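Take 18 as the starting number for the sequence shown in the working numbering and just add one per residue. Let me begin by presenting the structure, written as structure tokens, before commenting on it.
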Amino acid sequence: MEKMITFFFTKKISTAQVYFFTAIAAFCSIIYELLLAQCLAATLGGTFLRYSITIGLYLFSLGLGSLFVFWYSRFLTLGLLFYVELVLSVLGLLAPFWILFGDFIFSSFFAIEEKTNVSNIVQYCFLFYMHFMTIAIGFLSGIELPLLMEFGNRLENKSIAMNVLAIDFIFTCAGSVFFPLFIYAYFGLIQGAVITSTLNLFLAFCILRSLSFNFMALLICSSLACIQIILLIFSESIRDAISLFIFS
Numbered sequence: 018m019e020k021m022i023t024f025f026f027t028k029k030i031s032t033a034q035v036y037f038f039t040a041i042a043a044f045c046s047i048i049y050e051l052l053l054a055q056c057l058a059a060t061l062g063g064t065f066l067r068y069s070i071t072i073g074l075y076l077f078s079l080g081l082g083s084l085f086v087f088w089y090s091r092f093l094t095l096g097l098l099f100y101v102e103l104v105l106s107v108l109g110l111l112a113p114f115w116i117l118f119g120d121f122i123f124s125s126f127f128a129i130e131e132k133t134n135v136s137n138i139v140q141y142c143f144l145f146y147m148h149f150m151t152i153a154i155g156f157l158s159g160i161e162l163p164l165l166m167e168f169g170n171r172l173e174n175k176s177i178a179m180n181v182l183a184i185d186f187i188f189t190c191a192g193s194v195f196f197p198l199f200i201y202a203y204f205g206l207i208q209g210a211v212i213t214s215t216l217n218l219f220l221a222f223c224i225l226r227s228l229s230f231n232f233m234a235l236l237i238c239s240s241l242a243c244i245q246i247i248l249l250i251f252s253e254s255i256r257d258a259i260s261l262f263i264f265s
């Protein structure tokens with residue numbers, strides 16, 4: 018793993034880049050949290066319960082991600098941040114489909130078996146599956162902020178790390194307002210997930226510019242960008258098809 022991460026050697030990044038990366042990462046992170054909570058509320062019901070569990074699990078996973086940065090400090094390179102953003106882009110794109118698919122499969126299973134006859138193990142597996150994306154995305158998002166603060170500490174101005182923390186709070190607030198008033202209101206969950214994952218991919222592209230050239234990484238990013246564009250164009254048709262398939 019160390020070879021894979023340090024393969025990208027990085028030019029020294031600027032203070033402005035650290036701030037820019039922090040702003041996008043924080044904005045996307047809170048949107049994923051709210052998007053996952055809304056997806057789970059829409060499929061499982063109990064809005065207050067789903068939001069509470071999602072927020073709690075997401076914060077717990079953020080903590081695990083931060084501990085990863087502490088335990089594996091030798092991996093703290095810009096290459097690691099690139100991989101984190103790339104995987105976040107994929108998971109964010111898949112999240113609503115993952116939850117809808119799980120709801121369909123387990124609802125079909127519960128329809129065959131009476132709910133009282135379903136074992137506790139099956140129900141726990143169902144709940145773990147439905148919340149897996151929350152844990153995975155939260156863990157990766159938890160890596161971002163400590164990593165960016167470490168980049169700030171490596172620059173000459175020691176106050177940069179505190180500014181990174183302030184920017185993270187500000188853009189987390191911005192994302193929490195932007196999601197219900199704009200993304201969810203005008204685009205819905207599937208298009209919202211595509212838009213947010215596109216922002217993560219854009220950040221990965223920006224990071225890639227500061228790394229040594231890697232054709233495979235560029236090819237993966239470009240392929241993922243094409244998939245996101247296609248999903249964005251046909252997202253309404255996909256949403257209608259999913260609704261017809263699940264509720265028919």
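Note that beta-carbon positions come from the ideal geometry of N, C-alpha and C, so glycine has one too. Here the structure is a predicted model, which means the values were calculated and not measured.
- Residue pairing by DSSP places L81 in no beta bridge whatsoever.
- DSSP places G62 outside any alpha helix (DSSP H), giving it a letter other than H or E.
- In the three-state DSSP reduction, L172 falls in the coil class, being neither helix nor strand.
- The C-beta of L236 has fewer than 16 other C-beta atoms within 10 Å across all chains shown, which makes the residue exposed.
- Scanning the stretch 202-226 from its first residue to its last, the whole alpha helix (DSSP H) runs of 4-plus residues come out as 205-226.
- Scanning L182, F114, A153, F44 for the CA closest to the CA of L216 turns up F44.
- CA-to-CA, the gap between L225 and E50 works out to about 26 Å.
- Note on S252: 16 or more other CB atoms within 10 angstroms of its CB, so buried under the neighbour-count rule.
- In the DSSP annotation of this structure, the continuous segment of the alpha helix (DSSP H) that includes T189 starts and ends at 177-195.
- Apart from sequence neighbours up to five positions away, the residues of its chain that approach I41 with a beta-carbon distance below 7 Å are L216, L220, ordered along the chain.
- Here DSSP, grouped into helix, strand and coil, assigns F251 to coil.
- Here Y89 carries a coil assignment [DSSP, helix/strand/coil].
- Between F123 and F143, the C-beta gap is smaller than 7 Å, which places the two residues in contact.
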